[in-house]
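K.L.:
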Amino acid sequence: MNKSILDILDIRKKTTIRDLIEDQSDMLLDFSTPEREQIWNASFSLIQKETGFIYGIVCVLHDVTEQQRIDRERREFVSNVSHELRTPLTSVRSYIEALSEGIDDAQTEAHFFNVAQKETDRMIRMINDLLNLSRMDSGRVKLNLELVNLNELFNYILNRFDMILDGNDEQKPQKNYTIKREFTAKDLWVELDTDRFIQVIDNIMNNAIKYSPDGGVITCRMLESNNQVILSISDQGLGIPRKDLNHVFDRFFRVDKARSRAQGGTGLGLAISKEVIEMHQGKIADSIEGKGSTFYISLPYQDYSQGDEWDEF
Ligand SMILES: Nc1ncnc2c1ncn2[C@@H]1O[C@H](COP(=O)(O)OP(=O)(O)OP(=O)(O)O)[C@@H](O)[C@H]1O
Ligand SMILES: [Mg+2]
Numbered sequence: 000m001n002k003s004i005l006d007i008l009d010i011r012k013k014t015t016i017r018d019l020i021e022d023q024s025d026m027l028l029d030f031s032t033p034e035r036e037q038i039w040n041a042s043f044s045l046i047q048k049e050t051g052f053i054y055g056i057v058c059v060l061h062d063v064t065e066q067q068r069i070d071r072e073r074r075e076f077v078s079n080v081s082h083e084l085r086t087p088l089t090s091v092r093s094y095i096e097a098l099s100e101g102i103d104d105a106q107t108e109a110h111f112f113n114v115a116q117k118e119t120d121r122m123i124r125m126i127n128d129l130l131n132l133s134r135m136d137s138g139r140v141k142l143n144l145e146l147v148n149l150n151e152l153f154n155y156i157l158n159r160f161d162m163i164l165d166g167n168d169e170q171k172p173q174k175n176y177t178i179k180r181e182f183t184a185k186d187l188w189v190e191l192d193t194d195r196f197i198q199v200i201d202n203i204m205n206n207a208i209k210y211s212p213d214g215g216v217i218t219c220r221m222l223e224s225n226n227q228v229i230l231s232i233s234d235q236g237l238g239i240p241r242k243d244l245n246h247v248f249d250r251f252f253r254v255d256k257a258r259s260r261a262q263g264g265t266g267l268g269l270a271i272s273k274e275v276i277e278m279h280q281g282k283i284a285d286s287i288e289g290k291g292s293t294f295y296i297s298l299p300y301q302d303y304s305q306g307d308e309w310d311e312f
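Position 151, counted from 1, in the sequence shown is what numbering that gives the first Met the number 0 calls 150; the numbers after and before it change by one each time, with no gaps.
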């Protein structure tokens with residue numbers, strides 16, 4: 000090409016041929032564009048005659064984009080976990096300090112105990128979520144699969160949310176909501192781990208309630224197409240900004256950290272939901288439709304009712 004290696008690699012600002020000859024340590028080169036991240040590792044070696052005469056430099060490039068991404072995610076993860084634990088821990092400590100100094104007012108004392116307990120509960124919940132994720136990451140989770148009637152199961156989960164509304168004052172959520180069901184007429188049977196599936200729907204329903212105004216309608220649909228069952232849950236809440244759409248499934252991701260934390264969220268619910276659905280060979284996605292957000296779950300589905308073997312009966 001008749002060009003200097005310094006120009007081909009665009010490293011004229013970083014180094015000189017003389018430096019390369021003296022020291023051939025590896026270099027990380029960032030060729031990322033706004034569309035595509037691309038990071039290369041360049042290693043150099045000299046081509047030398049036996050007499051020591053140098054007549055060339057060989058450069059070997061390795062694409063390390065993926066490796067860099069994993070490293071970065073790991074660093075972010077550790078820093079996220081530390082941060083998430085430090086905030087409740089410091090607040091618990093200050094409440095305990097105040098309590099140990101003695102508080103005259105019984106009501107304030109009870110309130111402080113309550114906060115300390117709530118924060119501790121939240122930390123335990125978060126650690127449990129993390130352990131759960133780590134178990135799934137390392138493939139140590141076995142699904143307890145059984146063939147279930149999805150219409151019945153979905154309805155059963157939603158009934159529980161209806162029940163909470165009628166509960167006594169203490170358990171009653173602060174918000175009112177209405178659940179609308181639009182199910183298939185035909186019962187759809189799917190192979191599922193019931194407990195884990197309930198956990199997924201619980202989280203999506205809790206989010207729909209948490210991130211919606213009082214009195215909103217939550218629409219739950221079910222449909223069948225191309226050997227798939229698709230469930231969707233739509234709310235009339237504040238929705239998710241377009242740029243954050245796929246990120247809500249990332250660990251610790253929250254659109255508005257301050258607000259979500261005030262509501263007790265750690266941003267792990269959807270990350271767990273995604274793992275669980277993918278373990279079922281399914282997919283989970285979110286979208287904005289008009290006002291509010293919609294979450295979709297698709298699961299593989301085999302329509303046994305139209306199989307040939309049944310016709311013979
Ligand atoms: N229905 C929704 N409407 C608007 N924003 C949502 C909705 N569902 C999720 N989000 C956004 O996605 C983020 C991640 O949700 P996720 O369920 O993973 O965490 P969380 O609810 O904050 O905490 P938790 O771990 O307790 O579930 C939320 O913090 C919120 O910002
Ligand atoms: Mg959640």
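The beta-carbon is built from N, C-alpha and C at its ideal position, and this holds for glycine as well.
(1) Going by DSSP, what residues sit across from residue 180 in a beta bridge?
(2) What's the gap between the Cα of residue 20 and the Cα of residue 74?
(3) Could you compute how far the alpha carbon of residue 248 sits from the alpha carbon of residue 94?
(4) Look up residue 15 in the DSSP assignment and say whether it is helix, strand or coil.
(5) With a threshold of 8 Å, are at least 3 pairs of Cβ atoms found where one atom belongs to the stretch 275 to 290 and the other to the stretch 235 to 252?
(6) Quick check on this structure: which residue in 41, 56, 111 has the alpha carbon closest to the alpha carbon of residue 47?
(7) Which residue wins for smallest C-alpha separation from residue 60, given the options 174, 296, 7, 185?
(8) Would you mind working out which of 232, 277, 160, 2 sits nearest residue 140, comparing C-alpha positions?
(9) Any heavy atom of ligand 1 closer than 6 Å to the Cβ of residue 234?
(10) Can you say whether residue 36 is buried or exposed, counting buried as having 16 or more other CB atoms within 10 angstroms of its CB?
(11) Is it the case that the CB of residue 158 approaches a heavy atom of ligand 2 more closely than 6 Å?
(12) Let me check one thing: in DSSP terms, what residues is residue 62 bridge-paired to?
(13) Quickly, what does DSSP pair residue 233 with across the bridge? List them, please.
P.N.:
Answer, in terms of the structure:
(1) On the sequence shown, residue 180 is found 181 positions in, with the first residue counted as 1. Residue 180 pairs with 219.
(2) Here residue 20 is taken as the residue at index 21 of the sequence shown, counted from 1. Here residue 74 is taken as the residue at index 75 of the sequence shown, counted from 1. Taking the straight line joining both Cα atoms gives about 34 Å.
(3) As a first step, residue 248 is located in the sequence shown; it is residue number 249 there, counting from the start. As a first step, residue 94 is located in the sequence shown; it is residue number 95 there, counting from the start. Distance between the alpha carbons of residue 248 and residue 94: 33 Å.
(4) Within the sequence shown, residue 15 is the residue found at index 16, counting from 1. It is coil, neither helix nor strand.
(5) Per the Cβ contact rule, the stretch 275 to 290 is in contact with the stretch 235 to 252 (3 or more Cβ pairs under 8 Å).
(6) Indexing the sequence shown from 1 puts residue 47 at position 48. For residue 47, the nearest C-alpha among the options comes from 56.
(7) One-based indexing of the sequence shown puts residue 60 at position 61. Residue 7 is the option with its Cα nearest to residue 60.
(8) Taking the sequence shown and counting its residues from 1, the one referred to as residue 140 is at position 141. Among 232, 277, 160, 2, the Cα nearest to that of residue 140 belongs to 277.
(9) As a first step, residue 234 is located in the sequence shown; it is residue number 235 there, counting from the start. Under cutoff, so the answer is yes.
(10) In the sequence shown, counting from the first residue as 1, residue 36 sits at position 37. The residue is exposed, with fewer than 16 neighbouring Cβ atoms inside 10 Å.
(11) Residue mapping note: residue 158 aligns to position 159 of the sequence shown, counting from 1. The answer is no for residue 158.
(12) Your numbering for residue 62 matches position 63 in the sequence shown. In DSSP, residue 62 forms a bridge with 39.
(13) As a first step, residue 233 is located in the sequence shown; it is residue number 234 there, counting from the start. Paired residues: 218, 293.
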